[in-house]
Amino acid sequence: MATTNANRRSHSGEMAGISRSWLCVALALCCLAALCLDPVEAGRKGKGRRRQSKDKPCKYRSRKSMECDPVTNFRNYTLTLKKGDASVCPSVHNLQASCRAKTGCDYKDETSTWGECDTITSRSMRVWKLQEGSAEDCPPTHVRIRRCNRRRKNSRAGRGGKNKRMKNKKKKRLRRKKQKKARKSRDKKANCKYEKQAWSSCDEDTMTRQRQMVLVEGDPTFCLPKKIFTKPCKENDMVEGCQYNEGPWGVCDILTQLKQRTLTPVDGSDPECMESVQTKSCSLKAEMTAPKPTKCRYDLSKWTPCDARSNTMSRFMSLKSGDPNVCLRAKKMTKKCKIACKFRHGTWSACDPETQMTTRKDMLVKGDPSQCDGSRQITKKCRKACKYTLGDWSECDPVTNKRSRVKRLVGGDLTTCEQEMTIARPCQDKNGAERCFFGAWGEFGPCTNGVSTKQRPLLQGGLDCERKAVVTRACETQ
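According to UniProt numbering, the residues represented by the sequence shown are 1 to 478, in order.
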């Protein structure tokens, strides 16, 4: 028994020693873990402090004024404090930025950059200087304001701002298509019928003609009461009431691939109706459909300078390789100039008896002066050397429904020129509307505000005719 008890005591002593050793090991591991975690925790706390220091202490809510000052073209922005220490952050900030740039004022300046970010308002500013435009109508600078972190926000949101704008544009396009489709279907269901009116005369400013379609049948709640259509003017539209005899088409020019024919005014036409030449491209269907054993390759020349008279530029193509029996030896390409030069027509000079030529000087009214000539001179052959004076229009004849006037010879060869001719024109046009009749032109008046005008009396016609009774031109600066 004594031996057994001794064995038990020795065994329990060994177990106590083992437990104490394990306890020491556990304490050592805890100390090591604490030493390792201290730097990590310190780093986290440091990052937190750095992040906290980066956060802006002042946050503002922006509110812009809806009204734009028409004199200065500036709009006020009010920044009210949203979050931050009132002792450090001002409660209100007032800023000014430009409204939308006025038409004709260009502020594109590549050297301008965004300024430094204001640490309090978190806004940056950019100033553009006036590049093109009148100094009287356009402000000298254009100011923009934006948030400093707007670009970073857009990048975090996956360029949300740009995507949102693209989605809005797409929605607008779809909405327009739906509206157009719905309008067509509504017109069909409502049985809308319109009456076409006559085309208006050519507008010299826009070079377009218009006509209206007035509703004559259909529900006005579903049908538009009026529709207006616009189309560009064609040749000889500038002179109203001119009728021409069309001559035969000439032979196709191999070099230019164009053919021409002459349009001559019919007998008894107004003197303002002048002879003109009509041009169109040739249709070489046989050459286009013929089998070509070899490809036609050409050398291209450089584009010629812009022709101020026709507003076109051209270049030639010479045959480089290919069958000359099938391929054209030379071609001419023509296109309109990128920068349009518009001129105001001057008056034709007296006919030169030696050269039988007359000239006209046109002045530039629209176009870039660096690309367009300030004036151009056009020369052409004189018409028949018969000069007439025009009498006044008579009253409308109720029997023939025409007005007439007499033109008498004042200069020219009596053997070739008629001494007296009578011109008659219907009182109404083909559509039954009143035709414009005018008296003689007066002289240009004195220069006022940079322009001078001349008028002619209106004998018959409506509002469209009244606009044609007055001509305005810019005063010539010396």
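Glycine included, C-beta positions come from ideal geometry on N, C-alpha and C.
query                                                                                                                            : result
Buried versus exposed call for CYS475 [16 or more other C-beta atoms within 10 Å across all chains shown]                        : exposed
Minimum length 3: unbroken beta strand (DSSP E) runs contained in the UniProt domain "Pleiotrophin/Midkine C-terminal" (340-384) : 342-344, 357-366 and 375-381
Three-state class that DSSP yields for ASN163 in the structure shown                                                             : helix
Inter-residue spacing [alpha-carbon to alpha-carbon] between TYR107 and ALA101                                                   : 8 Å
PRO90 versus HIS345, ARG126, TYR60 and THR103, residue with shortest Cα-Cα distance                                              : TYR60
Of the listed residues PRO369, THR415 and THR389, nearest to VAL406 (C-alpha basis)                                              : THR389
Per-residue DSSP class, three states only, for SER185                                                                            : helix
LEU215 - partner residues in DSSP beta bridges                                                                                   : TYR194
Limits of the unbroken beta strand (DSSP E) element including ASP299                                                             : 297-300
Start-to-end residues for the beta strand (DSSP E) that takes in LYS468                                                          : Unbroken run through LYS468 is the alpha helix (DSSP H), 463-468; no beta strand (DSSP E).
CA nearest to the CA of ALA469, picked from CYS117, LEU319, PHE437 and GLU418                                                    : PHE437
ASP373 to PRO353 span [Cα, whole Å]                                                                                              : 29 Å
Residue ranges of each beta strand (DSSP E) within the region 400-435, 3 or longer                                               : 402-411 and 420-426
7 Å CB neighbourhood of TYR194 in its chain, flanking five on each side removed                                                  : MET213, VAL214, LEU215, VAL216 and LYS227
Cross-strand partners of TYR388 (DSSP beta bridge)                                                                               : LEU409
For TRP94, three-class secondary structure by DSSP                                                                               : Note that residue 94 corresponds to Asn in the displayed sequence, not to Trp. Here ASN94 sits in strand by DSSP.
C-alpha gap between ARG51 and ALA182, whole angstroms                                                                            : Reliability fails at ARG51, whose pLDDT of 45 lies under 50, so the model's placement of it is uncertain and the value that follows must be treated cautiously. Spanning the two alpha carbons is a distance of roughly 56 Å.
Within 9 Å, strictly: CB atoms of MET357 and CYS382                                                                              : yes
Neighbourhood of SER394 by C-beta distance below 7 Å, restricted to the same chain and skipping five residues each side          : ARG403, SER404 and ARG405
Presumed contact (8 Å Cβ cut-off) between CYS99 and SER124, rounded CB distance                                                  : So it is not a contact: roughly 19 Å between Cβ atoms.
Continuous beta strand (DSSP E) stretch holding PRO232: start and end                                                            : 226-232
Same chain, Cβ closer than 7 Å to GLY445, five either side skipped, listed in chain order                                        : SER452, THR453 and LYS454
Start-to-end residues for the beta strand (DSSP E) that takes in MET125                                                          : 123-129
Beta-bridge pairing of GLN460 - partner residues as DSSP gives them                                                              : PHE437
Alpha carbon of GLY247 to alpha carbon of LYS259, nearest angstrom                                                               : 12 Å
CB of CYS105 within 9 Å of CB of PRO139, strictly                                                                                : yes
Beta-carbon gap between MET317 and LYS335 smaller than 9 Å                                                                       : no
CB of ARG63 within 9 Å of CB of ALA97, strictly                                                                                  : no
Bounding residues of the beta strand (DSSP E) (the contiguous stretch that carries LYS451)                                       : Position check: residue 451 holds Val in this sequence, whereas Lys was assumed. First-last of the beta strand (DSSP E) with VAL451: 451-455.
Meets three-Cβ-pair contact criterion under 8 Å: the region 324-334 and the region 248-258                                       : yes
Supposed close pair LEU81, LEU95 - CB separation, criterion 8 Å                                                                  : Actually they are not in contact, since the Cβ atoms of LEU81 and LEU95 sit about 14 Å apart, beyond 8 Å.
Contacting residues, own chain, Cβ-Cβ under 7 Å from LYS302 (five flanking each side not counted)                                : ARG315
Under 9 Å between C-beta atoms of ALA424 and ARG376                                                                              : no
Neighbour-count burial assignment, ASN168, 16 or more Cβ in a 10 Å radius                                                        : exposed
Residue environment, HIS142, which counts as buried when at least 16 other CB atoms sit within 10 Å                              : buried
Residue from ASN325, THR103, ASP267 and TRP249 with nearest C-alpha to ARG261                                                    : TRP249
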